[in-house]
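J.: My questions all concern the structure below.
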Amino acid sequence: MLHAEWGFLIATDLFFGGLSAGLFLLSAAVLFIVKGDEPRYPNVARWGAILAPWPIMAATAILLFDLGHWYRFYILMLHFRPLSPMSLGTWVLSCFIGVGLVYCYSWLSDEERARLFSFLPQKLDTLQRFNRDLSPLRRVLALLGAPLAIGAVLYPSFMLGVMPSRPFWNTSLLIPVFLFSAFTAGSALLILVAQAKSDEQESRFLYGVFASALAIELAVLAVFVLFGLVSLEPVHDAIRLILGGPFTLWFWVGLVAIGIIAPLATIAVALLRPRPRFVFVSAAAMALIGAYLLRCVFVFVGQASAIE
Amino acid sequence: MANVHRRFALVIDAAKCINCKACEVACRAENGVPLEYSRNWIAEEIRGEWPRVIATYEPGQCQHCEDPACVRVCPTGASHKRPDGIVAVNESDCVGCRYCILACPYEARFFREDRGVVEKCNFCVDRVEAGQLPACVETCPSKVRVFGDLNDPNSRLNKVLATRRYTLKKPGAGTKPKIYYLV
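As you go down the protein sequences, you meet chains A and B in turn.
So the first sequence is residues 33 to 340, counted in this note's numbering.
So the second sequence is residues 336 to 518, counted in this note's numbering.
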């Protein structure tokens, strides 16, 4: 069994980070697609905003428990080292969580806000003054949060990619791999959550985004493997870990077949002829499993690769 | 206080190594390293079959690179390079993220589960500051290691480097290691 310094906790952290960023970016993007004064795809915008901050908050909590001593995390906040991807990422994630929470809050209706504030104990009654409608600020918050969300999704590829000692990671192709996987995961979760409330047009839009993200992710992974095969010997050796090496099954069966090709084929067939909802749900669930496996495979294979 | 005008390095003559592991024992004793971890090691390679067999032993440790990848990636600055070239870890700033362990091409670092921090060879910095040799250098019975100052033209280290051929480990990593292996 490979000894890995970074294990499933880190893979889970990267998955949740990508999921949050994907949700936020989809919500922010559709906010600017309007029909009259209203968003054309209101459920995608609303549910993307409402779901976005929670996975990344879970990711941050997971990250703390992966540290040597979780209570020493504050030391990360006492230093800013612009050339350390982890230091930059700490600040980007912190800001993204803050903006994501406010953006999420801006999508709550009057009743939902009233219910939320009804949980406050009387001692904290002064906090009632924050019970305000922030919906006019949604676009500003979306524009503010979009670069942070992109930062959150790109930070893992930057963090892993800067290590020449790990040739599997040491390529800028990690950026599109993680970026499109984030869109896949975000759109898949939206299919699971928002599809039931969406009309036909909005559902088809969501399926289109989902299928496009899957197709691009597959193409980028193909380029990643081809690039590795024609690259220098250390990279070539690293790629062999997924081409006949110990991670072959995880990559090709788990990630590529179950996580990308199966949901892509399912959604393509379902778009041609109307299918029951569970077909789309199963495709989305498979893609979420695939997005998680992608992080697991990349985290473990990267650590198994080394230069001689 | 780091020696500002010095630049410490090490020469290893692996051909002299007899695999007695005195360097490992001395390091443990000097730095309080538990048995399950090691700041230095001896890589053993046995080639051929009896009676035509050859065994080679090569001591390994942190390479105290000129451009250390571990220092570049450290999010808190706990991993740092001193003005005298020694790469060290400030344990009070280490959060135990283990990023440096992955960035190091030489696998010279380890995570102390019991203390939640990363450790590595620091050339026995306290001894060096007191004018002594690192414990592994002093204890080696076959004088495999030569420790010295690259900025001192009269140091034994520079004399060895001027007269012997040497290699560096994993030059492709671009970290410019400062442990010179004689060939």
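Note that beta-carbon positions come from the ideal geometry of N, C-alpha and C, so glycine has one too.
Could you name the residues of chain A that residue 434 of chain B contacts, counting a contact when the two beta carbons are closer than 7 Å?
T.: 118
J.: Exposed or buried, what is residue 177 of chain A when buried is set at 16 or more other beta-carbons lying within 10 Å of its beta-carbon?
T.: buried
J.: Looking at the C-beta of residue 107 of chain A, does it have a partner C-beta in chain B at a distance below 8 Å?
T.: yes
J.: Use the C-beta contact count for residue 492 of chain B: other C-beta atoms within 10 angstroms, 16 or more gives buried, fewer gives exposed.
T.: So residue 492 of chain B counts as buried.
J.: Excluding sequence positions up to five away, which residues of its chain have a Cβ less than 6 Å from the Cβ of residue 200 of chain A?
T.: 270, 333, 334 and 337
J.: Grouping DSSP H, G and I as helix and E and B as strand, with all else coil, what is residue 483 of chain B?
T.: In the three-state DSSP reduction, residue 483 of chain B falls in the strand class (E or B).
J.: Nearest to residue 139 of chain A by alpha carbon, out of A:121, A:74, A:198 and A:158?
T.: A:74
J.: Tell me where the alpha helix (DSSP H) around residue 6 of chain A begins and ends.
T.: Chain A is shown only over 33 to 340; residue 6 of chain A falls outside these bounds and no answer can be derived.
J.: Let me know if residue 452 of chain B comes out buried or exposed under the rule of 16 or more other beta-carbons within 10 Å of its beta-carbon.
T.: buried
J.: Find out if the Cβ-Cβ distance for the pair residue 378 of chain B, residue 393 of chain B is shorter than 8 Å.
T.: yes
J.: Does residue 391 of chain B pass the burial test, meaning 16 or more other C-beta atoms within 10 Å, or should it be called exposed?
T.: Using a 10 angstroms sphere on the CB of residue 391 of chain B, the tally of other CB atoms stays under 16, which defines it as exposed.
J.: Mind pulling the chain A residues with CB within less than 8 Å of residue 428 of chain B?
T.: Contact annotation for residue 428 of chain B against chain A: 107 and 111 [CB-CB distance below 8 Å, chain order].
J.: Cutting at 8 Å between CB atoms, please list the residues of its own chain near residue 33 of chain A, excluding the five before and the five after it.
T.: No answer about residue 33 of chain A holds up, because its pLDDT of 46 lies below 50 and its placement is not dependable.
J.: Residues bridged to residue 346 of chain B by DSSP?
T.: B:481 and B:515
J.: Hey, does residue 33 of chain A have any beta-carbon neighbour from chain B nearer than 8 Å?
T.: Here residue 33 of chain A scores only 46 on pLDDT, less than 50, and its place in the model is too uncertain to base an answer on.
J.: For the ligand GDP, any of its heavy atoms closer than 7 Å to the Cβ of residue 72 of chain A?
T.: Of the ligands one can find in the structure shown there are none, so the ligand GDP has no counterpart to examine.
J.: Whole angstroms is fine: what's the gap from residue 39 of chain A's alpha carbon to residue 46 of chain A's?
T.: 11 Å
J.: Count the C-beta pairs between the region 52-67 of chain A and the region 163-178 of chain A that are closer than 8 Å, then say yes if the count reaches three, no if not.
T.: yes
J.: Less than 8 Å between C-beta atoms, sequence neighbours within five positions excluded: which residues of the same chain meet that for residue 449 of chain B?
T.: 369
J.: Please specify which runs of the alpha helix (DSSP H), each continuous and at least 4 residues long, are wholly inside the region 89-146 of chain A, giving them in chain order.
T.: Residue ranges of uninterrupted alpha helix (DSSP H) with 4 or more members, entirely inside the region 89-146 of chain A and ordered along the chain, are 106-110 and 117-138.
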